[in-house]
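K.L.:
Residue numbers (my numbering), protein chains in the order written: chain A, 1 to 467; chain B, 1 to 467. The beta carbon of each residue, even a glycine, is placed where N, CA and C say it ideally should be.
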């Protein structure tokens, strides 16, 4: 793997295959591609290639492969783990998919949408909605995130409970391999057991095995009725009983079940000026169900009555309109912004088995109190998926690496994951090695070596760079 | 890859790691493991290893790896593509997972079930049901099929429309690699983006990349209400309009949408003595929806009224009881048996994009009439998934390979798959090469070589044996 500047003749070749405007090399032009949106992972690209179609992606990859120059694929640049920024060597070419943004087809009957990798998630969502269908990947960055990155990171978000991760929605995929080979698997099929399902390798491997250039995604019927409720619960164990009751009463109409700590809502009130319509509580649950059937609202009302009577919830409100529902969601959506205003924080995106959540939260709280006194946890997340964003607001005396270790080691005790939905990127590469078994890491390395023997695809992301 | 008999010292080593009863070598004992249940793919095992735990699987794999002897993993032996039987050389060891049949844990709140590979699917379904949950893989062979095989073949079945293929239900996996390395990924997590999701490689690769020894599967809430209807429709295009109307009215409560040709129901009447309760029609749709909400039945009734009025259905019945629903399903479930009694047939398990189904059926009918006159199609399948079992009853004058080609070439014209759910096994290896792009086959070979460089794992299945 080259760590020196890209050779000038490579840049010439790239320019000739990309045409005018397809290759950026001036420092000013490169700046937006050099760092992630949170400005945590700065780098220095040798150049930015902006292909307009798959053939140009293939040409870029073939040229870089021949020159032994690493390539860093980049979409909307909204990742949280530094997976899409180059290193500081000035020897890596950034490959931006932004110009490949066409929606090729929406099929409302077959429930599929075909689009190029640079298509913005929100644009794809809107195209599905225009046909009365739902593209059920929804996340905070949807106005900027591009489908290629959504797929390459196997993005999660708020609808995973009902519809699964992005992986569950990818029917067909086109990728370009490290050497420029185009592999076209753009099949609009819901069932296809003909040979290895190779596309699974590229979903969630963060551009380290190949470049996603286009995809066919699965759509779902849009639920006609939605019920959104906010409930005050005494503790996470009560939230768990509420989840169980909701599963029994509402089945898989539940599409979100978010747990929010009282401290998090206090941050939102203080820094974003939004207040909860229900009584202050140790913990809050934001729950949403959706269905095509009449009777959803009644079923949710009955459920709320039962859990309030049992004391598993101490207060609750069921949104009376879409506007009220949006106001409840705004509380949840402003937590990250409020956290940023509250001070410096260390973020964790962990998951544990769902029934272990109360014990995990208690254990992590104790471990932080003992190991990093003075820190303030800001806890929220997708409880229905076992995914907790266990963020920690720190003072100048605290080191983020030590906080990481405390939280991740607690996760490991409960059989959890150190990255539920954000991925590894460059941010968690060393933590991954600490937390995955050697046999798993060896298997990952074998896969990497088979698909990218020269280590030119997004080196240093997910796996450590080099052999 | 060895094609000669397994060396005697290997059998001695296997016996010493498996103990008495763990290794079968007598011809009579081997016979049940030598051929699939349809007796289409006979072979001759060198021996049958029956490990009792993962450590024994690892020991068997390590010993065979050291001796260069191929291993053929085998579960319930219900596959339809010859994926689990040895070749005729007498040089392959069959590895039966049947003794590893424990259900380790059912978690009704976390919605997970952990079991060993030899656990029979029906036993796992029952264990989930005992806790009020549903393991939503359901297929004709569920009383014999084992979870390891279900996972290794990414089994489909009747609930795919709502819950996806088996792949969508696997949360955690333990596998043993070709060299005996155990890779433990038994995590009960719904979201886990920490590193490559290597388990995807083993799901659906039919034992050619590693041996599945245990898994954690996702359960779902059991729908409290079910509505099952049988409808007569004039043609496949009307069935498609019915599907669209059902998607709009019922959303993802639809859990089965089966299309059955009039000829298929005639076969069931003639050979199984079961008759449809509705008027004879060119085509019939069996539809089932399920929900936790009241109001499902009313919604289905409203839908049926509308489609009957529009003429997209000409007759219909909604089951009044579980018994009636079972009687409707019995029509569907007896098709394969009736076909077997009707004579020799050539089976196809194909999928096409859902909106293309009417045109595909018309084109395949024309192609068969022209290329193989005198054949009788027996068409049924999971229309809601785009999966059609396009079987063809033939006379002595017809060759099955020619029929395969006619059907598969028609599938290819519509961008379909030659194996929607049954897999490739040994049966469709050559057809796969004909229908997949060279880049896809080269990528599959790279994956195979990376995980099984000596070609000892289920050689000749999915991919051609040898380099």
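Kindly provide the ranges of any beta strand (DSSP E) runs that are 3 or more residues long and lie completely inside the region 302-346 of chain B, ordered along the chain.
P.N.:
Those beta strand (DSSP E) runs which fall completely within the region 302-346 of chain B and span 3+ residues are 315-318.
K.L.:
Quick check: what's the CA-CA separation for residue 254(A) versus residue 159(A)?
P.N.:
When rounded, the distance between both Cα atoms is 9 Å.
K.L.:
Using the beta-carbon of each residue, which ones in chain A are nearer than 8 Å to residue 236(B)?
P.N.:
Here the premise fails: no neighbours, minimum Cβ distance about 13 Å.
K.L.:
With burial defined as no fewer than 16 other Cβ atoms inside 10 Å of the residue's Cβ, what is the status of residue 170(B): buried or exposed?
P.N.:
By the neighbour-count rule (16 or more Cβ atoms within 10 Å), residue 170(B) is buried.
K.L.:
If distances are taken between C-alpha atoms only, which option among 411(B), 24(B), 9(B), 182(B) comes closest to residue 53(B)?
P.N.:
Among 411(B), 24(B), 9(B), 182(B), the Cα nearest to that of residue 53(B) is on 182(B).
K.L.:
Counting only Cβ pairs nearer than 7 Å, list the residues of chain B close to residue 406(A).
P.N.:
Correct list: empty, because the minimum Cβ distance to chain B is about 18 Å.
K.L.:
Mind listing which residues of the region 329-358 of chain B have their C-beta closer than 9 Å to chain A's C-betas, in chain order?
P.N.:
Listed in sequence order: 349, 351, 352, 353, 354, 355, 356.
K.L.:
Using a cut-off of 9 Å between C-beta atoms, extract the partners of residue 153(B) located in chain A.
P.N.:
Under the 9 Å cutoff, chain A gives 193.
K.L.:
Leaving aside the five residues before and after residue 184(B) along the sequence, list all residues of the same chain whose C-beta is less than 8 Å from its C-beta, in chain order.
P.N.:
These residues qualify, in order along the chain: 174.
K.L.:
Are any of the Cβ atoms in chain A nearer than 8 Å to that of residue 138(B)?
P.N.:
No, no contact with chain A.
K.L.:
Could you round the C-beta distance between residue 57(B) and residue 208(B) to whole angstroms and report it? I think they count as a contact, below 8 Å.
P.N.:
Incorrect: roughly 16 Å between the Cβ atoms, too far for contact.
K.L.:
On the CB-based measure, 16 or more other CB atoms within 10 Å of its CB, does residue 440(B) come out buried or exposed?
P.N.:
Buried.
K.L.:
State the Cα-Cα distance for the pair residue 381(B) and residue 246(B), rounded to the nearest angstrom.
P.N.:
Cα to Cα, residue 381(B) sits roughly 17 Å from residue 246(B).
K.L.:
Spatial neighbours of residue 490(A) within its chain, please: CB distance less than 7 Å, with the 5 preceding and 5 following residues excluded, ordered by chain position.
P.N.:
Within the shown structure, residues of chain A are numbered from 1 to 467, placing residue 490(A) beyond reach of any answer.
K.L.:
Would you tell me roughly how many angstroms separate the C-alpha atoms of residue 148(B) and residue 93(A), rounded to the nearest one?
P.N.:
For residue 148(B) and residue 93(A), the distance between alpha carbons rounds to 43 Å.
K.L.:
Can you name the residues that DSSP bridges to residue 290(B)?
P.N.:
According to DSSP, which records beta bridges pairwise, residue 290(B) is partnered with 226(B).
K.L.:
Of the residues 228(A), 87(A), 221(A), 337(A), which one's Cα is nearest the Cα of residue 268(A)?
P.N.:
The option with the nearest alpha carbon to residue 268(A) is 337(A).
K.L.:
Hey, is residue 253(B)'s beta-carbon within less than 8 Å of any beta-carbon in chain A?
P.N.:
Yes - at least one Cβ of chain A is within 8 Å of the one on residue 253(B).
K.L.:
Along the chain, where does the beta strand (DSSP E) that runs through residue 125(B) open and close?
P.N.:
Counting along the chain, residue 125(B) falls outside any beta strand (DSSP E), though it belongs to the alpha helix (DSSP H) covering 121-130.
K.L.:
Just the chain B side, please: which residues come within less than 8 Å of residue 462(A) by C-beta, in chain order?
P.N.:
Within 8 Å Cβ-Cβ: 195, 196.
K.L.:
Residues of chain D with CB closer than 9 Å to the CB of residue 250(B), please, in chain order.
P.N.:
Reference to chain D is not applicable here, since the protein chains of this structure are A and B.
K.L.:
My assumption, with CB atoms under 8 Å, is that residue 146(A) sits in contact with residue 76(A). Please give the rounded CB distance.
P.N.:
Right, the Cβ-Cβ distance comes to about 4 Å (below 8 Å), so this counts as a contact.
K.L.:
Once you ignore the five residues that flank residue 403(A) on each side, which residues in its own chain have a CB closer than 6 Å to its CB?
P.N.:
So the qualifying residues of the chain are 346, 372, 392.
K.L.:
Taking only the alpha-carbon atoms, compute the straight-line gap between residue 294(A) and residue 225(A) and give it to the nearest angstrom.
P.N.:
Answer to the nearest angstrom: the Cα atoms are 7 Å apart.
K.L.:
Answer with yes or no whether the minimum CB distance from residue 422(B) to chain A is below 8 Å.
P.N.:
Closer than 8 Å: yes.
K.L.:
For the region 79-153 of chain A, list the beta strand (DSSP E) runs that are entirely contained and at least 3 residues long, ordered along the chain.
P.N.:
Within the region 79-153 of chain A, the complete beta strand (DSSP E) runs of at least 3 residues are 92-96, 103-107, 112-116.
K.L.:
Could you tell me the boundaries of the alpha helix (DSSP H) in which residue 349(A) lies?
P.N.:
No alpha helix (DSSP H) holds residue 349(A); the beta strand (DSSP E) holding it covers 349-351.
K.L.:
Using CA atoms only, rank isn't needed, just tell me which of 300(A), 105(A), 443(A) is closest to residue 200(B).
P.N.:
If we check each option's Cα against that of residue 200(B), 443(A) comes out closest.
K.L.:
For residue 390(B), list the residues DSSP reports as bridge partners.
P.N.:
According to DSSP, residue 390(B) bridges with 379(B).
K.L.:
Which bits of chain A does residue 168(B) rub up against, with CB to CB less than 9 Å?
P.N.:
Residues of chain A passing the Cβ test: 164, 167, 168.
K.L.:
Can you give me the Cβ contacts of residue 176(A) inside the same chain, cut-off strictly under 8 Å, excluding the 5 residues immediately before and after it?
P.N.:
Answer for residue 176(A): 54, 57, 58, 61, 182, 183, 210, 211, 213, listed in chain order.
K.L.:
Do residue 330(B) and residue 228(B) have their C-beta atoms closer together than 8 Å?
P.N.:
No.
K.L.:
Count the other C-beta atoms from every protein chain shown that fall within 10 angstroms of the C-beta of residue 3(B), then say buried if there are 16 or more, exposed otherwise.
P.N.:
Per-residue confidence for residue 3(B) stands at a pLDDT of 45, beneath the threshold of 50, marking its modelled position as unreliable; the derived number appears in the next sentence. So residue 3(B) ends up on the exposed side.
K.L.:
Using 10 angstroms around the beta-carbon of residue 275(A), count the other beta-carbons present and answer buried if the total reaches 16, otherwise exposed.
P.N.:
The residue is exposed, with fewer than 16 neighbouring Cβ atoms inside 10 Å.
K.L.:
If you measure from the beta carbon of residue 54(B) to each beta carbon in chain A, is any gap under 8 Å?
P.N.:
For residue 54(B), the answer is no, since every Cβ of chain A falls outside 8 Å of its Cβ.
K.L.:
Output yes or no for whether 8 Å exceeds the beta carbon distance between residue 238(A) and residue 312(A).
P.N.:
Yes; because the gap between Cβ atoms is below 8 Å, this pair is in contact.
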